[in-house]
Amino acid sequence: MDMNQYLSMFIDESNDHLQSLNENMLQLEGNPEDLGIVQVIFRSAHTLKGMAATMGFEDLASLTHKMENVLDLVRNEKLKMQDFIFDTLFKSLDALETMVQDITQGGEGKADVSSIVASLQAIESGEWTGGNAPAAAAANQSSNTSTPSAVELDEFQYSVLDQSIAEGHRVLYIEVLVSEQSQLKGVRAYMVFDLLERSGEVVKSFPTVQDIEQEKFERSFSLYYITTKEAQELEKGIMSISEIESAKVIQLDQETLQQMTNQAAAAVEVADAPVPVPAPEAVSLDTKDSSKDEAKPTASKPAAAKQAAAPSRTIRVDIERLDVLMNLFSELLIDRSRLEQLASETGNNDLSDTVAHLSRVSTDLQNIVLKLRMVPVDTVFNRFPRMIRDLAKTLDKKIDLVITGAETELDRTVIDEIGDPLVHLLRNAVDHGVESIAERVEAGKPEMGTVNLRAFHSGNHVFIEIEDDGKGIYREKLLKTAVKRGVVTEEQGAKMSDDEVNQLLFAPGFSTADKISDISGRGVGLDVVKSKITSLGGNVTIHSTPGKGTNFSVQLPLTLSIIAAMLVRLGSEKYAVPLSSIVETAIVQRQQVRNIHGNKMITFRESLIPYLSLSEVFGVPDFNDADEQETEIVVIRKGERLAAVAVEEFIGQSEIVLKSMGTYLPAIEGISGATILGDGQVALILDPNAFIK
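Numbering (my numbering), first residue to last: 15 to 707.
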């Protein structure tokens, strides 16, 4: 039987099960005694094993079978969940995700999981008892010797190194040994880091930079490093530092990087295992014991009831098909506008009635098409709890991630692009925002820091907020760093508002970190976040209270395809203004326009707001509002700030299809795209955010 036709379905189903396993494992970690959750996890693992075996992916099925055996002991109360078991199962899930990713890219789902299987076998056979076995002591002892230990990379760090190699940078693995006679080994290590940071980026070090600064290491340290310099040149530079006994600099390619990462992970696995275990045997796919246990009543009746779910009423649709559907509907919308205009010009009642009915039907169709493309942000949010758990363990912090509004929906196009910026913002909150346990206790805060991730609708936009209860942003420190890096001058900084100072965080290469961090800030700054969100038609703002916390608020459009707009005319040209940015429309007299410090202003709702002439901004040849005694204005909003834009005439509201300007025209400030009107004319779509500085 040809299994290729089922491959896409297998990949989708596997990813769903892996996500479910991660979520339920996190729940179980918070409540280790809940056998109902164990039952749900066991079922997901059993289903995944069966699917993999059916498709012929034996490695994936074998590893899942080993996980299933451990879970079976737990659900039958023969084994209690402990930290080592949780860590081993989480590593198993990571390995399974790697295998599925390999299958997605056309591979056979192969991966070196011998160390993970060995740990699972030790747990299953009872050789691991949770005590401090001699092997554990030996492993701990070995980590303090002068021999450089393996440096284990997390997924984020590995991707940074891998991408750097792909882009032509040199990625080096460096081992440095300080002389045994050195009395200031921390100073010598600092001199090495200072030398390296002048011409590259340190991505990960072992021990950590903090431990090295505090001399919590014997004589050696190792690190991964990105640079453009030759390995020999760097080795010579390191050896020129006094009291450095040896320096080993190895240039890595992608294959070598992968091998070293696997070896490091295996070494850490062996060091973590409390007792030595034999090499993993060939894993049988025999499910006799599992099926026998499945006949038993479940340990938790509520969990059993939860399993009896209603049949699925959903189908999977390729996103490319939805894109085609949206493009076809966009053309239909243009033709509808043309028919409406023809019906009004001819005055034929029958034609007008038919077009009116067509308009109602197409409006309903438009709503359906848009809803088909809408996806809950939960599809992005659900991967963050596991990420925060791992980060908190790495940084030795206690973090509570609180997610609200995960059911909020966004266009699939936006969903696909927003994941990476949110990852950076969350990493930033955990690493730089939330203080260490000692600092929080000293400040009178609870040991556990809180990071809130919330989403909600507001008008035609979705807001995603990341808020922490950490140290907050201090204006003086931010400005000092900005001046030092040449982002602003002291005179400019003194005139800036707090909001404008906070926005300096998004300047390229900007960082306020006192110490090098392995988690964030290593060449991947918040400027990347800002540029990505801006490219999606969104905006990001920062609100912070020193000592209490920081809030990053990301504003995104609901959809990037069809928007409601107000059509306006300037001479022979037509423009569209998104309704979501319009506060109201009005008419002003020429004498109401005042000139204040060289800027045109008008009074609106008892406050002064800027007055902008579109004809001057775009150089419209056949209209000048300065010649008019009274002028129509559109009052637009950006956050809390308003501005009045002068136009010649309002045409009316319309649903318009947003078309990209493509590569034919350069980026024009104030223009976000174009649309085709019912009469075949092209109207430019204004970007109101560009008019309010």
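We put the CB at the ideal spot given by N, CA and C, even for glycine.
Counted within 10 angstroms of its Cβ, other Cβ atoms place residue i as buried (16 or more) or exposed
i, result
"R387", "buried"
"T713", "Since the first residue shown for the chain is 15 and the last is 707, residue 713 is missing from the structure and cannot be characterised."
"R23", "Rather than Arg, the amino acid found at residue 23 in this sequence is Met. M23 is exposed by the Cβ-count criterion."
"V554", "buried"
"G551", "buried"
"N703", "buried"
"D30", "exposed"
"L78", "The sequence shown places Thr at residue 78, rather than the Leu named in the question. Buried: at least 16 other Cβ atoms inside 10 Å."
"N613", "exposed"
"I137", "buried"
"H371", "exposed"
"V192", "buried"
"T548", "exposed"
Assumed close pair residue i, residue j - CB separation to whole angstroms, cut-off 8 Å
i, j, result
"L40", "S58", "With a Cβ gap of about 13 Å, L40 and S58 do not count as contacting."
"L271", "I179", "7 Å"
"K652", "I610", "Not confirmed; about 20 Å, so no contact."
"G463", "K412", "7 Å"
"A469", "I478", "5 Å"
"D116", "K124", "7 Å"
"I623", "L593", "Contact doesn't hold; Cβ gap of about 19 Å is too wide."
"E354", "V369", "6 Å"
Collapsed DSSP secondary structure at residue i in the structure displayed
i, result
"V542", "helix"
"H79", "helix"
"D636", "coil"
"E598", "strand"
"S549", "helix"
"G612", "coil"
"V391", "coil"
"Q695", "coil"
"E359", "helix"
"K230", "coil"
"S236", "strand"
"M580", "strand"
"S511", "coil"
"G214", "strand"
"A136", "helix"
"D349", "helix"
"P435", "helix"
"K412", "strand"
"P560", "coil"
"L186", "strand"
"K302", "Unreliable placement is indicated for K302, whose pLDDT of 35 sits below 50; the coordinate value is still reported in the next sentence. Helix at K302."
"I25", "helix"
"V455", "helix"
"D425", "strand"
"G486", "coil"
"L93", "coil"
"T503", "coil"
"E334", "helix"
"S163", "Since pLDDT at S163 reaches only 42, below the 50 mark, its modelled position is unreliable, and the value read off the structure follows with that caveat. Three-state DSSP puts S163 in coil, outside helix and strand."
"T143", "With a pLDDT of 48 at T143, under the threshold of 50, the predicted position of this residue should be treated as unreliable, though the coordinate-derived value follows. If DSSP states are grouped into helix, strand and coil, T143 belongs with coil."
N-terminal and C-terminal residue of the alpha helix (DSSP H) that residue i is part of
i, result
"G69", "For the sequence presented, residue 69 should be read as Met rather than Gly. That run of the alpha helix (DSSP H) goes L49 to M69."
"T112", "D97 to T118"
"K243", "K243 -> no alpha helix (DSSP H), and no H or E assigned at all."
"G463", "Taken as a continuous stretch (DSSP letters only), G463 belongs to no alpha helix (DSSP H), being part of the beta strand (DSSP E) at M462 to S472."
"S178", "E169 to A180"
"L672", "Per DSSP, L672 belongs to no alpha helix (DSSP H) and is neither H nor E."
"E449", "Looking at the DSSP string, E449 is not in any alpha helix (DSSP H), and its letter there is neither H nor E."
Residue i - containing beta strand (DSSP E), residue span
i, result
"I706", "Per DSSP, I706 belongs to no beta strand (DSSP E) and is neither H nor E."
"S567", "G563 to P571"
"P592", "E587 to P592"
"Q195", "Q195 -> no beta strand (DSSP E), and no H or E assigned at all."
"V649", "E644 to K652"
"P221", "Taken as a continuous stretch (DSSP letters only), P221 belongs to no beta strand (DSSP E), as it is neither H nor E."
"R655", "R655 to V661"
"V263", "I258 to L266"
"L626", "S621 to S627"
"T689", "I685 to I690"
For the 8 Å Cβ check, are there 3 or more pairs between the segment 584-600 and the segment 500-514? no
Flag this pair as touching only if the segment 589-607 and the segment 693-704 have three or more C-beta atom pairs under 8 Å; answer yes or no. yes
Counting Cβ pairs closer than 8 Å, one from the segment 339-349 and one from the segment 637-644, do we hit at least three? no
For the structure I just gave you, are there three or more beta carbon pairs, one from the segment 355-366 and one from the segment 434-444, closer than 8 Å? Taking 8 Å as the limit for Cβ pairs, the verdict is that the segment 434-444 does not touch the segment 355-366.
At a cut of 8 Å, does the segment 177-195 reach the segment 400-418 through at least three beta carbon pairs? no
So, do the segment 490-504 and the segment 597-617 have three or more beta carbon pairs nearer to each other than 8 Å? no
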